[in-house]
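Asks:
Numbering (this note's numbering), first residue to last: 9 to 633.
#1: Measuring CA to CA, which of 112, 65, 288, 159 is closest to residue 448?
#2: So the beta strand (DSSP E) residue 542 belongs to, where does it begin and stop?
#3: Between residue 586 and residue 578, how many whole angstroms is the CB-CB distance? I'm expecting something under 8 Å.
#4: Work out the CA separation of residue 60 and residue 140 for me, nearest whole Å.
#5: Can you name the start and end residues of the beta strand (DSSP E) that residue 285 belongs to?
#6: Give me the residue from 534, 295, 299 with the minimum Cα distance to residue 312.
#7: Taking the CB atoms as reference points, tell me whether residue 423 and residue 300 lie closer together than 9 Å.
#8: Could you round the C-beta distance between residue 461 and residue 520 to whole angstroms and report it? I think they count as a contact, below 8 Å.
#9: Give, in chain order, every unbroken run of the beta strand (DSSP E) that is at least 3 residues long and sits entirely within the stretch 102-141.
#10: For residue 553, which of helix, strand or coil comes out of DSSP?
#11: Quick check on residue 533: buried or exposed, where buried means 16 or more other Cβ atoms within 10 Å of its Cβ?
#12: Can at least three beta-carbon pairs, one atom from the stretch 318-330 and one from the stretch 506-515, be found at a separation below 8 Å?
#13: Whose C-beta lies closer than 6 Å to the C-beta of residue 157 among residues of the same chain, with five residues either side of it excluded?
#14: Run through the DSSP bridge pairs and tell me what residue 475 is partnered with.
#15: Rounded to whole angstroms, what's the CA-CA distance from residue 285 to residue 611? Just pull it up for me.
#16: Taking all protein chains shown into account, decide if residue 216 is buried (16 or more other Cβ within 10 angstroms of its Cβ) or exposed.
#17: Check whether the Cβ of residue 541 sits closer than 8 Å to any heavy atom of the ligand ADP, and report yes or no.
#18: With 16 other CB atoms within 10 Å as the buried threshold, where does residue 603 fall?
#19: Name the residue from 517, 381, 271, 176 whose alpha carbon lies nearest to the alpha carbon of residue 425.
#20: To the nearest angstrom, report how far apart residue 496 and residue 51 are at their CA atoms.
#21: What three-state label does DSSP hand residue 481 in the structure shown?
#22: Which residue marks the beginning of the alpha helix (DSSP H) containing residue 454, and which one marks its end?
#23: Can you have a look at residue 91 and say buried or exposed, based on whether 16 or more other CB atoms are within 10 angstroms of its CB?
#24: Restricting to Cα atoms, I'd like to know which of 362, 75, 525 is closest to residue 607.
#25: Going by DSSP in three states, residue 59 sits in which element: helix, strand or coil?
#26: Where residue 598 and residue 550 are concerned, what is the direct C-alpha to C-alpha distance, given to the nearest angstrom?
#27: Since residue 152 and residue 112 should fall inside the 8 Å C-beta cutoff, what is the C-beta to C-beta distance between them, to a whole number of angstroms?
#28: Look at residue 123 and residue 109 and say whether their C-beta atoms are less than 9 Å apart.
#29: Just checking my contact of residue 70 with residue 41 at CB under 8 Å: how many whole Å lie between their CB atoms?
#30: Just checking my contact of residue 494 with residue 457 at CB under 8 Å: how many whole Å lie between their CB atoms?
#31: Exposed or buried, residue 200, counting other C-beta atoms within 10 Å across all chains shown (16 or more means buried)?
#32: Are the stretch 566-576 and the stretch 474-484 in contact at 8 Å, needing three or more beta carbon pairs?
#33: Return helix, strand or coil for residue 461, following the three-state DSSP convention.
#34: Along the chain, where does the beta strand (DSSP E) that runs through residue 309 open and close?
#35: Between 455, 437, 438, 243, which has its C-alpha nearest residue 445's C-alpha?
#36: Using 8 Å as the Cβ pair cut-off and three pairs as the minimum, do the stretch 189-197 and the stretch 222-237 touch?
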């Protein structure tokens, strides 16, 4: 029996036997309180200012800035908060009318230094201009216009005084505020104090109101007026289209959110969330999950998650991917993303509706032996169970949550490999080439490529030109001190070759195939996909004897390198703090050098691991039931 299967099956069965089915577990409350907690955890700069999420200053930041960064939560405002935002905090004379200035104006002044600067002259803020901007633009920009109380709407709909022409309605205070922000020449051309100017201004005002987010602040009487013969007389044939546009915008603003259904209401299947097009290991996790579903005959729906700056040109699933604008159809969500991306890119961007009414499974990669303490009480609220891709991660998750944890390895396939010759990559033909593939975005400290360089130099004398070391990396930044130091070290040996451009999936597998051996002196790996791929391609693999890769790497089938555990330093790994007391492996360079030499001299036994999509589909199917 393949070693991987022997590891996976007993744990999955034992786990299932002792746990309540995930669908029956009590659900956590996925509300704005949890969203605020996540925002505080995600934003270190905010934590540095507001040391606890209970700080009133953090509440203010959330109202003005946080809701904009995480718009899925913009409309979740309790009545008490709204009352505090819009309570009068002063008065201002605007257009001959007395305006009660709500408290939110001063909050905007504090958190919008760009607007303060724009509305200042010689460093002195024009308070009337800022009040006008705050009410006519700021409320809508910060998604507060739709929450304005009736008292503010009535005040903004007051007619400006001193209008002698009564054949057309006087401009409202809201119109005056927006008009006062226009440049002087435009104000003259659209002078709201004259009939012709008012006609020109209202044509413009009702045309831009929907895109400026002003519709919630416009009184209903204006929609009636735009549909009247009087409006057609003054605004011509544009009046009715403007009325239709205003009506449509109002209907969209007040549209009801459908009630969430339950998992029982939906057909069985998987909604798979992840980086569907991402050219990175986590993207491949999703694509392999799809192959598992196809092998098992499980219905699936792929939801692409924005991968940020990562290149998204792997089109293997083109035509099978949704953009997530509509809720997916099946009863189970499978998140092929780290826990932190499930939080930041799904829950915080799409809201609770994505999770409510579904069975939620986090097939969450992580690389260290401890789950971050600050995240423990909250991240697991999003899922009903966790799948670990290795024994290393299984043990970590078991210690981190009371939710069910199941060992479900990742599928590995090299079927898309194209056998490119070495010259395709600019590599020498007759040398024995070691290869290491790593992403600079994946923590250089964890990937530890410097150890590979040092071990190579120690193993082979500078005069030995029968060997070479190929380092394939991406997402390097020329001004990064770590990259500069690494590059300098590599340049001291002409046998070391760097490939920094992004390759497509068949090319990456082709590169592994074109080289003779694979090396990874990592400090920690949750699973280690490239190591498993190299083994599938029949390559000797020299790797750290620690973390997720030891599930499928044995002393007889690979070249494991001795290491000692050391403390992870502050800021060496994202999301983890010193309070977590993290450790990882630091390899012995002499052991690594010795294993590099052995990998040339001795052919390892054939590995028995089986992480094929077909085999993993069987484990996945069992885990779902």
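Even glycine gets a Cβ: it sits at the ideal position worked out from N, Cα and C.
Replies: So, to answer that:
#1: Considering only alpha carbons, the answer is 288.
#2: From DSSP, residue 542 is part of no beta strand (DSSP E) but of the alpha helix (DSSP H) over 537-544.
#3: 5 Å
#4: 34 Å
#5: Taken as a continuous stretch (DSSP letters only), residue 285 belongs to no beta strand (DSSP E), as it is neither H nor E.
#6: 295
#7: no
#8: Going by Cβ atoms, the distance from residue 461 to residue 520 rounds to 19 Å, so no, they are not a contact pair.
#9: 105-110
#10: coil
#11: The Cβ neighbour count for residue 533, taken over all protein chains shown within 10 Å, is at least 16; the residue is labelled buried.
#12: Segments in contact, yes.
#13: 94
#14: 440
#15: 37 Å
#16: exposed
#17: Of ligands this structure carries none, so the ligand ADP is not represented either.
#18: Per the 10 Å Cβ criterion, buried.
#19: The shortest C-alpha separation from residue 425 is found at 517.
#20: 34 Å
#21: DSSP places residue 481 in the strand class (E or B) of the three-state scheme.
#22: Residues 452-455.
#23: exposed
#24: 525
#25: When DSSP states are grouped into helix, strand and coil, residue 59 belongs to the coil group.
#26: 13 Å
#27: Contact between residue 152 and residue 112 holds: their C-beta atoms lie close to 7 Å from each other, under 8 Å.
#28: no
#29: Actually they are not in contact, since the Cβ atoms of residue 70 and residue 41 sit about 11 Å apart, beyond 8 Å.
#30: 7 Å
#31: buried
#32: no
#33: Reduced to three states, the DSSP call for residue 461 is helix.
#34: Residues 308-312.
#35: 455
#36: Taking a contact to require three or more Cβ pairs closer than 8 Å, the stretch 189-197 and the stretch 222-237 do not qualify as touching.
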